[in-house]
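These notes concern the structure reproduced below.
Protein chains: 2
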Amino acid sequence: MKARIIVTLKTGVLDPQGKAIEAALKSLAIEGIDGVRQGKVFDIEVSATDGAAAEATLRTACEKLLANTVVENYAIEIL
Amino acid sequence: MKARIIVTLKTGVLDPQGKAIEAALKSLAIEGIDGVRQGKVFDIEVSATDGAAAEATLRTACEKLLANTVVENYAIEIL
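Each protein sequence line maps, in turn, to chains A and B.
Number 48 in the working numbering belongs to position 48 of the first sequence; there are no gaps in the numbering.
Number 6 in the working numbering belongs to position 6 of the second sequence; there are no gaps in the numbering.
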């Protein structure tokens, strides 16, 4: 079973990497970008065949390793 | 207008970062993960109000900066 986890910074947390990308886009003369925030995506192959079990495994993975829940949110999508 | 760009490695391209995450999950005793591939997500605020114009801007941004199209795919979602 395939799943996708998206980890993004919480609102209000500064994102210098996003700011750098925004500045780089401006310097490339790409206009009309008002803000950029960068996050991470994990495409995961899970061996569980039932959705609830897969989601439980992935939630543990997020809490323990993939996301820093102090400053990041995560979303799990089973595909 | 908000948009999300997801950049992932093309199939067949080695992903040592993904492999490291997979190994780290195993060492944390999180079982049932058969594969991990990491990508990037960009949450972008675009000033264009029409979807086609926004998508054109974002496509240029991907081609010029956000994705290395030799080894990466990108997907643009207007939210």
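Ideal Cβ placement from N, Cα and C applies to all residues, glycine included.
request  = Compare the beta carbon distance of B:F42 and A:Q17 with 7 angstroms and say whether it is the shorter of the two.
outcome  = no
message = Just checking: is the beta-carbon of B:G35 within a distance shorter than 7 angstroms of some beta-carbon in chain A?
response = yes
Span of the beta strand (DSSP E) around A:L14 = Boundaries cannot be given for A:L14, as no beta strand (DSSP E) includes it and DSSP labels it neither H nor E.
message = Give me the chain A residues within the contact set of B:K40, using Cβ-Cβ distance strictly less than 7 angstroms, ordered along the chain.
response = Q38, K40, V41
key: DSSP state of B:I30 mapped onto helix, strand, coil   = coil
ask   = What are the residues of the segment 61-72 of chain A that lie near chain B, defined by any Cβ-Cβ distance shorter than 7 angstroms?
value = So the list reads A61, K64, L65, given in the order they occur along the chain.
query = At what residues does the beta strand (DSSP E) containing A:E72 begin and finish?
reply = Looking at the DSSP string, the run of the beta strand (DSSP E) that includes A:E72 is 72-78.
request  = Report the option in A:A23, A:N68, A:K10, A:E55 whose CA atom is closest to the CA atom of B:I33.
outcome  = Scanning A:A23, A:N68, A:K10, A:E55 for the CA closest to the CA of B:I33 turns up A:E55.
query = Taking C-alpha atoms, which residue in B:A24, B:V36, B:L25 lies nearest to B:V13?
reply = B:V36
key: Counted within 10 angstroms of its Cβ, other Cβ atoms place B:T69 as buried (16 or more) or exposed   = B:T69 is exposed by the Cβ-count criterion.
ask   = Roughly how many whole angstroms lie between the Cα atoms of A:E22 and A:L79?
value = 31 angstroms
key: Cβ pair B:A29, A:I30 closer than 7 angstroms   = no
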